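Structure record follows, encoded as structure tokens.
Spelled out as structure tokens, the structure:
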């Protein structure tokens, strides 16, 4: 199936289902701050195996965190609709689940979610400096790039924006975790490979940690339709624990460094 795309404008249309790994640009403008929120413990059954596997690899890092200064590390998340709870009940997105798990693990950290639906790397770049000055995070998690692909923006522009965001974050004294994205095969082999390389190249050149595909086991799952909202574009509540588990080990390693 081919996607119907409008390559310019603030609200690009996308009618391609997630069975083709389509990305959507969404323009609800919401920034919400979550600081050590504690929610009722819950975990989707579909994420149990992944969580168990990830836990063993993170135990040493958790132990290291426990012996460090108890001053809370501020974690700034700069993302798009995937991190902004688009179409989800408030408090059910992966960022909220991250805050819950941090509290359960008694990790000295707080979450500032500065994600905006529809945001691109250019948008994230333009507002990052002020976010850094305001919140003074110790770790910046960048989850951007999917909307760049949707709008047909040049790959070198996306990489330049991500590189600048990493550089500005590092200059402020923060560590960086980059959450990589991929585009569906119908974008063409060259573009799909080069788009994935944008994240890998940025992480390697800037010396930061990378989660290669944040939607792994979601967008490419055998039962992917079960993990998406009715629009077949946005991950639903069942997908959120899987997404959290995809980035959790890398996050813990960064906090332990």
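Numbering (this note's numbering), first residue to last: 67 to 323.
Each residue gets a CB set at the ideal place from its N, CA and C atoms; glycine is no exception.
Keep in mind it's a predicted model, so treat the numbers as computed, not measured.
Cut-off 7 Å between Cβ atoms - residues of its own chain near residue i, not counting five sequence neighbours on either side
i, result
"residue 84", "Low confidence applies here, because residue 84 scores a pLDDT of 46, under 50, leaving its location unreliable; read the following figure in that light. Correct list, in chain order: 285, 290, 294, 298 and 299."
"residue 203", "140, 141, 142, 178 and 240"
"residue 206", "142, 144, 235, 240 and 242"
"residue 163", "306, 307 and 310"
"residue 191", "227, 230 and 231"
Beta-carbon spacing of residue i, residue j below 8 Å
i, j, result
"residue 301", "residue 148", "yes"
"residue 189", "residue 178", "no"
"residue 169", "residue 137", "no"
"residue 227", "residue 187", "yes"
"residue 238", "residue 198", "yes"
Cβ separation of residue i and residue j, assumed to be a contact under 8 Å, to the nearest whole Å
i, j, result
"residue 276", "residue 287", "Contact doesn't hold; Cβ gap of about 21 Å is too wide."
"residue 243", "residue 265", "So it is not a contact: roughly 11 Å between Cβ atoms."
"residue 141", "residue 180", "With a Cβ gap of about 11 Å, residue 141 and residue 180 do not count as contacting."
"residue 267", "residue 312", "The Cβ separation is near 20 Å, so there is no contact."
"residue 139", "residue 317", "At roughly 11 Å, the Cβ-Cβ gap does not stay under 8 Å, so residue 139 and residue 317 are not in contact."
"residue 146", "residue 212", "6 Å"
Cutoff 8 Å; reference residue i; Cβ partners in own chain excluding five residues on either side
i, result
"residue 253", "215 and 261"
"residue 272", "229, 232, 233, 236 and 242"
"residue 280", "148, 209, 245, 246, 247, 309, 312 and 313"
"residue 155", "303"
"residue 323", "241"
"residue 225", "264, 267 and 268"
Paired residues, beta bridge with residue i - DSSP
i, result
"residue 319", "None; residue 319 has no bridge partner."
"residue 142", "178 and 206"
Contacting residues, own chain, Cβ-Cβ under 6 Å from residue i (five flanking each side not counted)
i, result
"residue 324", "Absent from the model: residue 324. The displayed extent of the chain is 67 to 323, so no value can be given."
"residue 201", "140, 142 and 178"
"residue 257", "none"
"residue 278", "246"
**Prompt:** What are the complete beta strand (DSSP E) segments, minimum 3 residues, inside the stretch 154–190?
**Reply:** Fully contained in the stretch 154–190 are the following beta strand (DSSP E) runs of length 3 or more, in chain order: 175–179.
task: Please go through the stretch 225–312 and give each complete alpha helix (DSSP H) segment of 4 or more residues, from N-terminal end onward.
output: 255–272
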